[in-house]
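Take a look at the structure below.
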Ligand code: NAD
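Residue numbers (the numbering used here): 2 to 429.
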């Protein structure tokens, strides 16, 4: 979310400008890519349960669709701003491009707090969002998905409205649908597993065996849980995780020197990824302050919670033992911290590459929906491994060849592909 001093879109543009300079993009291409292609702002009137009417503001931003239909989530949030949505749409363009899936970048949002809305009111909001955009989204145009505070039920209401308007079935309109109603197996695991597919490849390139590595994780939600599962499966050890404590309104780190036990920890975790601290103590975990995860004597750091965590302040606490950082979260590292990480020679797997497993699996969902034929989970996950591995290897190869920081190498690949697509279509 945008705060007073932080404008996500300005940051996204600054990141783009830096790489555009390196790539020596021409003025027209730069002008095209530093702004969204299209931006929709609209009002959604909702007949509330108490008989009153409320009008909500909605957005959809289509940053670029030169490589294929737009792809991106819809966020329900009281502090949503169009600049945040614009930044996220741009990042989606680069994310789809770096993993080389034939989709562009979009994002949407509604300013609302679903906690204060009944299910019926949320349904009206979802249907209203689609009514405003039914001509401008679609399987061949722009494909929405769940995001902050939206879920599979919201997606199904949106699909149902779109199909009612268009008089036919279009399961490829939207992803994140419930399993059995057009959803893909493997989506739950996809982002966390994707992070570890890239970590596995990075270790291989550095001739390090996963069984000789130890990791510290920030977060214990969807991404972190599945990242830990696969990391342990390939032989690695995780000694701590951290999470937000709803009751105390602070975060804690849960540490076990000999390695956490994922299964028992999951047994004392709520659906928001919050661990019960009293039960954790009983199970022998040290309960430390929330920021301690970054200070551990480990080989790998996995920030999998939220943005703005590895900062100018916290980066100095990273121990010399740390050789890798794989960003499961979006935007966990600030540009100032990036400089220090580079100086310390820590190998970073940047967010829009490391966590692209989610969108890659959403793409698989769309493919399956368009075919109306659904794959087994193993097939989804092995295709995911293939895509993530190949994307990682292209980025690391470029980084080696051109002596680039991994984040810059990923941006170079992603932006170059999109710029080329715009050129090939004769847009600029
Ligand atoms: P989630 O809501 O399931 O879990 C978030 C976890 O972070 C929870 O365990 C929560 O307690 C913890 N947390 C929150 N604030 C914290 C703090 N201050 N300190 C420590 N821990 C804290 O979310 P998720 O789906 O796992 O997503 C995590 C990150 O990954 C987000 O940045 C998200 O944008 C990004 N991401 C998620 C997906 C996906 O498919 N889920 C895909 C791409 C990127």
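For every residue, glycine included, the Cβ atom is placed at its ideal position computed from N, Cα and C.
query	result
Suppose you measure from the CA of residue 171 to the CA of residue 79; what does that come to, to the nearest Å?	30 Å
For residue 168, is the classification buried or exposed, using 16 other Cβ atoms within 10 angstroms of its Cβ as the cut-off for buried?	exposed
Take the Cβ of residue 102 as the centre, count every other Cβ of all protein chains shown within 10 Å, and call the residue buried at 16 or more, exposed below.	buried
Thinking just about the alpha-carbon of each residue, which of 263, 322, 293 is nearest to the one in residue 281?	263
To the nearest angstrom, report how far apart residue 122 and residue 116 are at their CA atoms.	11 Å
Of all the options 296, 255, 339, which has the alpha carbon lying nearest to the alpha carbon of residue 274?	255
By how many angstroms is the C-alpha of residue 293 removed from the C-alpha of residue 363?	34 Å
In angstroms with no decimal places, state the Cα-to-Cα distance between residue 17 and residue 163.	34 Å
Whose CA, out of 307, 328, 313, 314, lies closest to the CA of residue 301?	328
Per DSSP, which one or two residues make a beta bridge with residue 74?	146
Could you pull the DSSP bridge partners for residue 41 from this structure?	61
Here's the rule: buried if 16 or more other CB atoms are within 10 angstroms of the residue's CB, otherwise exposed. What is residue 370?	buried
Between residue 229 and residue 303, what straight-line distance do the alpha-carbon atoms span, to the nearest angstrom?	9 Å
Leaving out five residues on either side along the sequence, give the residues of the same chain with a beta carbon under 7 Å from the beta carbon of residue 252.	243, 244, 245, 246, 291
In whole angstroms, what separates the C-alpha of residue 287 from that of residue 83?	42 Å
Taking residue 202 and residue 394 to be in contact with their CB atoms under 8 Å, please state how far apart those CB atoms are, rounded to whole angstroms.	6 Å
Can you tell me which of 218, 223, 232, 192 puts its alpha carbon nearest to the alpha carbon of residue 257?	218
Can you tell me which of 44, 92, 67 puts its alpha carbon nearest to the alpha carbon of residue 57?	44
Rounding to the nearest angstrom, what Cα-Cα distance links residue 386 and residue 192 in this structure?	11 Å
How would you call residue 463, buried or exposed, if buried means at least 16 neighbouring beta carbons within 10 angstroms?	In the structure displayed, the chain extends from 2 to 429; residue 463 sits before or after that span and is not available.
My parser needs the beta strand (DSSP E) runs of 3 or more residues fully inside the region 201 to 258; what are they?	215 to 219, 238 to 246, 251 to 256
Could you tell me whether the region 410 to 418 touches the region 86 to 102, where touching means 3 or more Cβ pairs closer than 8 Å?	yes
Anyone know if the C-beta pair for residue 216 and residue 240 falls short of 9 Å?	yes
If you follow the alpha helix (DSSP H) that residue 363 is in, where does it begin and where does it stop?	358 to 372
Alpha helix (DSSP H) containing residue 166: first to last residue?	153 to 167
For residue 310, is the beta carbon positioned less than 8 Å from some heavy atom of the ligand NAD?	yes
Using a Cβ-based criterion (distance less than 8 Å to any ligand heavy atom), does residue 268 qualify as near the ligand NAD?	no
Exposed or buried, which one is residue 208 when buried takes at least 16 other CB atoms within 10 Å?	exposed
How big is the Cα-Cα spacing for residue 323 and residue 95?	28 Å
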